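Undergrad:
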Amino acid sequence: MTMMTPPPLDQEDDEMLVPHSEFNDNAQPMEGVVVAQGETVSTAENQPAVYHMPTTENDMPSGSIPLALQSLFYKLQYSDNSVATKELTKSFGWDTYDSFMQHDVQELNRVLCEKLEDKMKGTVVEGTIQQLFEGHHMNYIECINVDYKSTRKESFYDLQLDVKGCRDVYASFDKYVEVERLEGDNKYHAEQHGLQDARKGVLFIDFPPVLQLQLKRFEYDFMRDTMVKINDRYEFPLQLDLDRENGKYLSPDADRSVRNLYTLHSVLVHSGGVHGGHYYAFIRPTLSDQWFKFDDERVTKEDMKRALEEQYGGEEELPQNPGFNNTPFKFTKYSNAYMLVYIRESDKEKVICNVDEKDIAEHLRIRLKKEQEEKEHKKKEKAEAHLYTIIKVAKNEDLAEQIGKDIYFDLVDHDKVRSFRIQKQMPFSVFKEEVAKEFGVPVQFQRFWLWAKRQNHTYRPNRPLTHQEETQSVGQLREVSNKAHNAELRLFLEVEFGPDLRPILPPEKTKEDILLFFKLYDPEKEELRYVGRLFVKSSGKPIEILTKLNEMAGFPPNEEIELYEEIKFEPNVMCEHIDKKLAFRASQLEDGDIICFQKALSAENDERFRYPDVPSFLDYVHNRQVVHFRSLERPKEDDFCLELSKLYTYDDVVERVARQLGLDDPTKIRLTSHNCYSQQPKPQPIKYRGVERLSDMLVHYNQTSDILYYEVLDIPLPELQGLKTLKVAFHHSTKDEVVSHSIRLPKQSTVGDVINDLKTKVELSNSSAELRLLEVFYHKIYKIFPLGEKIENINDQYWTLRAEEIPEEEKNLSPHDRLIHVYHFTKDTTQNQMQVQNFGEPFFLVIREGETLAEVKVRIQKKLQVPDEEFSKWKFAFLSLGRPEYLQDSDVVSTRFQRRDVYGAWEQYLGLEHSDSAPKRSYTANQNRHTFEKPVKIYN
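Written as structure tokens, this is what we have:
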């Protein structure tokens, strides 16, 4: 029972779920559906058990699947708004990319149930998933002529039913238990009895209380070499009786006292085609006559016809149009049922049960109630936002706390200072009273400075508020403060202290006074910290404040110190030495400027430290980068972190990685950059010395990552880059097998070198066998590679490289012999147009002059080892320009093939037409080569 993966889902908002109160007039507790950012999975039956899974108040929903589900179900039951699923998908360990990946809803449902089953182990609800969803069937093979029977019991959580060729669910179950006869070439090998005619089939031992049926509307079409959606009409009943016809679906071991009568609970619909679509569900939560349609955040009442008949699929007639000879126009319905959930009548009281507050853990109720209150508060704040403004007040203490820890450049991170939400109409004088209460600084001792963004992108206190400005309202002040940041008002609170450390009146500031901020650097500890601020006279000189700076730093009064001005840090650090004998005005220092200082170092001491002075340390801080390294084989997990410099060269980076891994040769490290959008490694690795700096490795378009992937090669990367690796599929001449080989040779090698290397790795029919290399694409041969062709430009990513022995008959061609192409094909008639679809493995065939089709057919059948019964169904045609011209056994084949080495639309070949929709032999070894499906994974 193979499940085919359906197409991608449309991904919409993350607010996807609507609780009952928006549509249920009776306001009874409602079983929900889970929609994982675009995908709908019916999980209502798990709800009571989920609430009994142990969680604690310290758990976080984003890291705990049980808590995330409990939170989701609680909000569905008691919230008045649609509910987001971000917490749930985060609890799976999914990032944004995973959440928006193409996921099959049935696969997601199964993986989630398996994960819940695992989380329930050792708890009071252990075994709940099995009790609800697990059924069992028996696979059997029974010999007809001897007394031998083989049986195997298997469990299932859902059943996948055929849609194609079945009119309804009962027809699918009939097909499911259909008996297959093993006879002729397909006899069964029974122990001690040898090959025997036998019957093979499946019967059900028991069905689960909740029966989940996946309808196989997506399957692989071997003829067209692609996935297709089956939109055929397929009916399903409101009540499903699996005891019908005297229990025809049940095994002899089944408990016949259990009545397997089921009632339909939910219908999951897929709307769309194989390359895109959307899921929604019809559910009747309490099994009443009222159905509801759950379509993302929209929930509507629906009648039974909408939930059942209109989801059967098939064709629909448009109303007749008088202008078009009254012929009704039919069109295919692309919305149809994809999963059905039935609940056994005898178990419905147990499965469909109410969940009350008492069933929910107290810590969960408290947590969710608090969350709801916070949400309401934020909603109110948002509605009133136009009436308020945010004022962020930075104090001296904030600078001391942040500089050297959270930040190194500028003075403060405004997002980490005290924030006030103030009505715009409030006078600034009243706001100062709020500040007095908050910080304990009386109003008369407060002086506020406005911050300004400078042209070099630094952000500094610019000027104090005037008395006139302080009489204005907060809203007016915000408007004049800074046009670039008028969404909030940013202020610096200057408070001066007397000798007794109590606030005093701020000194009057004249145009001659400059407010400077000071940072101290210690090269031994590689530490930078804030030590205070000073007013200086613009005509004064730094030499006049050295004693004061030494006091602020805790140095002796006469300690020799060096001063630097921190000017900017983007895109590069600019930090210049200050001449201590030059006036502050002459050094172009102004309000809000930053001076960094340190002890003066002798030449000997200079060499002791990694970063001996302020500029070198700030350069280091600006360029340092913590990089998370992950093995390319485990792209989800951090292996280790290294602190590097963005200026590191390629060699610096791989040397540090090699040292971390204990590897002697750094050139065996190959790095791959991170794709910030897909959260995956980029498809192409970084070439040896292919980028100049670490910063280049971390950039993806306009985003910067902190992740790199590494792999350890078996040979140095420069050597590997001088080699070409080709994937070659070797087709054995006598065995029905294809083995893939990776051939690694210098880029200047030839096809002849590839063949010689391959000969050492494959099993040949004889020691003198010769090989050739072919280029195959979409089941056609496009090229026989000349032995002398260089391999450097051969592309094995899109075309298949096939190696095979050259048959003896091809080695000695006479002038009149022809080497022709032979391809398998089927005819696909769509929209009244006939199209030829190639499939399977193409091959060459020698045809002799005057040879008839009957003679050629004998050789083809022998070459392909096809049984007579199947071979007799094939038709043979000459194809040119994609049009088949059918041949008779008496036709001379060579007369049709006069042209040589013509490819593309003009290509001529002998076509083997298959009418059977499912070839008995696997001629399609490579046809899934271009298909890539990512399985659903839940990581936590």
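Under UniProt numbering, the first residue of the sequence shown is numbered 1, with each subsequent residue one higher.
Built from N, CA and C at the ideal position, the CB exists for glycine as well.
Note that the coordinates shown come from a computational prediction; the quantities given were computed from them, not determined experimentally.
Which same chain residues end up closer than 8 angstroms to residue 777 when comparing Cβ atoms and leaving out the 5 residues on each side of it in sequence?
TA: The sequence position of residue 777 within the sequence shown is 777, counting from 1. Correct list, in chain order: 798, 799 and 800.
Undergrad: Hey, residue 840 and residue 824 are a contact pair by Cβ (cut 8 angstroms); roughly how many whole angstroms apart?
TA: Indexing the sequence shown from 1 puts residue 840 at position 840. Indexing the sequence shown from 1 puts residue 824 at position 824. At roughly 4 angstroms, the Cβ-Cβ gap stays under 8 angstroms, so residue 840 and residue 824 are in contact.
Undergrad: How about residue 595 and residue 563: do their beta carbons lie closer than 8 angstroms?
TA: Along the sequence shown, read from residue 1 onward, the residue named residue 595 stands at position 595. Along the sequence shown, read from residue 1 onward, the residue named residue 563 stands at position 563. Yes, Cβ-Cβ distance for residue 595 and residue 563 is below 8 angstroms.
Undergrad: Does chain C have any CB closer than 8 angstroms to the CB of residue 707?
TA: Reference to chain C is not applicable here, since this structure consists of a single protein chain.
Undergrad: By Cβ distance below 6 angstroms, which residues in the same chain neighbour residue 364 in space, the five residues on each side in sequence not counted?
TA: Locating residue 364 in the sequence shown gives position 364, where the first residue counts as 1. The answer, listed in chain order, is 70.
Undergrad: Assuming residue 208 and residue 87 are in contact, meaning their beta carbons sit under 8 angstroms apart, how far apart are those beta carbons, in whole angstroms?
TA: Here the question's residue 208 lines up with position 208 in the sequence shown. Here the question's residue 87 lines up with position 87 in the sequence shown. Residue 208 to residue 87, Cβ: 29 angstroms. No contact.
Undergrad: What ranges does the beta strand (DSSP E) occupy inside the region 864-909, keeping only unbroken runs of at least 3 residues that lie completely in it?
TA: Runs of the beta strand (DSSP E) inside the region 864-909: 875-880 and 883-886.
Undergrad: Give the straight-line distance between the Cα atoms of residue 41 and residue 727, rounded to the nearest whole angstrom.
TA: One-based indexing of the sequence shown puts residue 41 at position 41. One-based indexing of the sequence shown puts residue 727 at position 727. With a pLDDT of only 38 at residue 41, under 50, the local geometry of the prediction cannot be trusted, and the value read off the model is given with reservation. Cα-Cα distance, rounded: 41 angstroms.
Undergrad: Is there contact here, the region 810-820 with the region 843-860, by at least three beta-carbon pairs under 8 angstroms?
TA: Enough Cβ pairs lie closer than 8 angstroms, so yes.
Undergrad: Between the C-alpha atoms of residue 394 and residue 413, what's the straight-line distance to the nearest angstrom?
TA: Position 394 of the sequence shown, counting from 1, holds the residue named residue 394. Position 413 of the sequence shown, counting from 1, holds the residue named residue 413. Whole-angstrom Cα-Cα distance: 9 angstroms.
Undergrad: Within its chain, find whatever has a CB closer than 7 angstroms to the CB of residue 718; leave out the 5 residues flanking it on each side and keep chain order.
TA: Looking up residue 718 in the sequence shown gives position 718. Closer than 7 angstroms at the Cβ level, and outside the excluded window around residue 718, lie 667 and 688.
Undergrad: Return helix, strand or coil for residue 332, following the three-state DSSP convention.
TA: By 1-based counting over the sequence shown, the position of residue 332 is 332. Three-state DSSP puts residue 332 in a strand.
Undergrad: Relative to the C-alpha of residue 495, which candidate in 442, 295 and 214 has its C-alpha closest?
TA: The count along the sequence shown starts at 1 and reaches residue 495 at position 495. It is 442.
Undergrad: Nearest to residue 735 by CA position, among 230, 864 and 858, is which residue?
TA: Position 735 of the sequence shown, counting from 1, holds the residue named residue 735. Comparing Cα positions, the closest option is 864.
Undergrad: Are the region 75-84 and the region 164-183 in contact at 8 angstroms, needing three or more beta carbon pairs?
TA: Segments in contact, no.
Undergrad: Three-state secondary structure (DSSP) at residue 406?
TA: Numbered from its first residue, the sequence shown carries residue 406 at position 406. Residue 406 falls in the coil class under three-state DSSP.
Undergrad: Since residue 459 sits in a beta bridge, which residues does DSSP pair it with?
TA: Position 459 of the sequence shown, counted from the first residue, corresponds to residue 459. Answer by DSSP bridge pairing, in chain order: 453.
Undergrad: Give the C-beta separation of residue 533 and residue 517 to the nearest angstrom, bearing in mind that I take them to be a contact with Cβ-Cβ under 8 angstroms.
TA: Against the sequence shown, residue 533 aligns to sequence position 533. Against the sequence shown, residue 517 aligns to sequence position 517. Indeed, because the Cβ distance is near 5 angstroms, the residues count as touching under 8 angstroms.
Undergrad: Which runs of the beta strand (DSSP E) spanning at least 3 residues fall entirely within the region 573-647, listed in chain order?
TA: Entirely contained in the region 573-647, the beta strand (DSSP E) runs reaching 3 residues are, in chain order, 574-577, 594-599, 624-631 and 640-645.
Undergrad: Please state the DSSP three-state secondary structure of residue 503.
TA: In the sequence shown, the residue the question calls residue 503 occupies position 503. Three-state DSSP puts residue 503 in a strand.
Undergrad: Do the region 690-697 and the region 612-620 make contact, defined as three or more Cβ pairs closer than 8 angstroms?
TA: The region 690-697 vs the region 612-620: no contact.
Undergrad: Kindly give me the distance between the Cβ atoms of residue 231 and residue 165, rounded to whole angstroms, as I take these residues to be in contact under 8 angstroms.
TA: For the purposes of this step, residue 231 is taken as residue 231 along the sequence shown, with counting starting at 1. For the purposes of this step, residue 165 is taken as residue 165 along the sequence shown, with counting starting at 1. Not quite, the Cβ-Cβ distance comes to about 14 angstroms (not below 8 angstroms), so this is no contact.
Undergrad: Along the chain, where does the alpha helix (DSSP H) containing residue 808 start, and where does it finish?
TA: Numbered from 1 along the sequence shown, position 808 holds the residue referred to as residue 808. Start and end: 808-811.
Undergrad: What is the DSSP secondary structure of residue 23, counted as helix, strand or coil?
TA: Within the sequence shown, numbered from 1, the residue matching residue 23 stands at position 23. Because residue 23 sits at a pLDDT of 33, beneath the cut-off of 50, its placement in the model cannot be relied upon, and the point is left open.
Undergrad: Under 6 angstroms Cβ to Cβ from residue 148, same chain only, skipping five residues before and after it: list those, please.
TA: Counted from its first residue, the sequence shown places residue 148 at position 148. For residue 148, where only same-chain residues beyond five positions count, the Cβ hits under 6 angstroms are 190 and 193.
Undergrad: Considering only the beta carbon of each residue, do residue 67 and residue 55 sit closer than 8 angstroms?
TA: Locating residue 67 in the sequence shown gives position 67, where the first residue counts as 1. Locating residue 55 in the sequence shown gives position 55, where the first residue counts as 1. Yes, Cβ-Cβ distance for residue 67 and residue 55 is below 8 angstroms.
Undergrad: Output the boundary residues of the beta strand (DSSP E) element that contains residue 139.
TA: Position 139 of the sequence shown, counting from 1, holds the residue named residue 139. From DSSP, the beta strand (DSSP E) with residue 139 extends over 135-143.
Undergrad: Mapping the DSSP letters down to three states, classify residue 528 as helix, strand or coil.
TA: Walking along the sequence shown from the start, residue 528 turns up at place 528. The answer is strand: DSSP assigns residue 528 an E or B state.
Undergrad: Assuming residue 836 contacts residue 887 (C-beta within less than 8 angstroms), just tell me the rounded distance between them.
TA: Counting from 1 along the sequence shown, the entry for residue 836 is found at position 836. Counting from 1 along the sequence shown, the entry for residue 887 is found at position 887. Between residue 887 and residue 836 the Cβ distance is about 15 angstroms, and since that is not below 8 angstroms, they are no contact.
Undergrad: So is residue 288 buried or exposed if we call it buried at 16+ other beta carbons inside 10 Å?
TA: On the sequence shown, position 288 is the one that residue 288 refers to. Answer is exposed; the Cβ neighbour count stays below 16.
Undergrad: Could you have a look at residue 852 and say whether DSSP puts it in helix, strand or coil?
TA: Taking the sequence shown and counting its residues from 1, one reaches residue 852 at position 852. Note: residue 852 maps to strand in three-state DSSP.
Undergrad: Taking its Cβ as the centre, do 16 or more other Cβ atoms sit within 10 Å of residue 536, making it buried, or is it exposed?
TA: Within the sequence shown, the letter at position 536 stands for residue 536. So residue 536 ends up on the buried side.
Undergrad: Please tell me whether residue 448 and residue 434 are closer than 8 angstroms, where the distance is taken between their beta carbons.
TA: The sequence position of residue 448 within the sequence shown is 448, counting from 1. The sequence position of residue 434 within the sequence shown is 434, counting from 1. The answer is no: Cβ separation not under 8 angstroms.
Undergrad: Any chance you could list the alpha helix (DSSP H) runs of at least 4 consecutive residues sitting entirely within the region 670-719, in chain order?
TA: Listed in chain order, they are 694-698.
Undergrad: Measure the C-alpha to C-alpha separation of residue 341 and residue 143 and round it to an integer number of angstroms.
TA: Locating residue 341 in the sequence shown gives position 341, where the first residue counts as 1. Locating residue 143 in the sequence shown gives position 143, where the first residue counts as 1. Between residue 341 and residue 143, the C-alpha separation is close to 36 angstroms.
Undergrad: Excluding five sequence neighbours on each side, which residues of the same chain lie with their C-beta closer than 7 angstroms to the C-beta of residue 871?
TA: On the sequence shown, residue 871 is found 871 positions in, with the first residue counted as 1. Cβ within range, chain order: 861.
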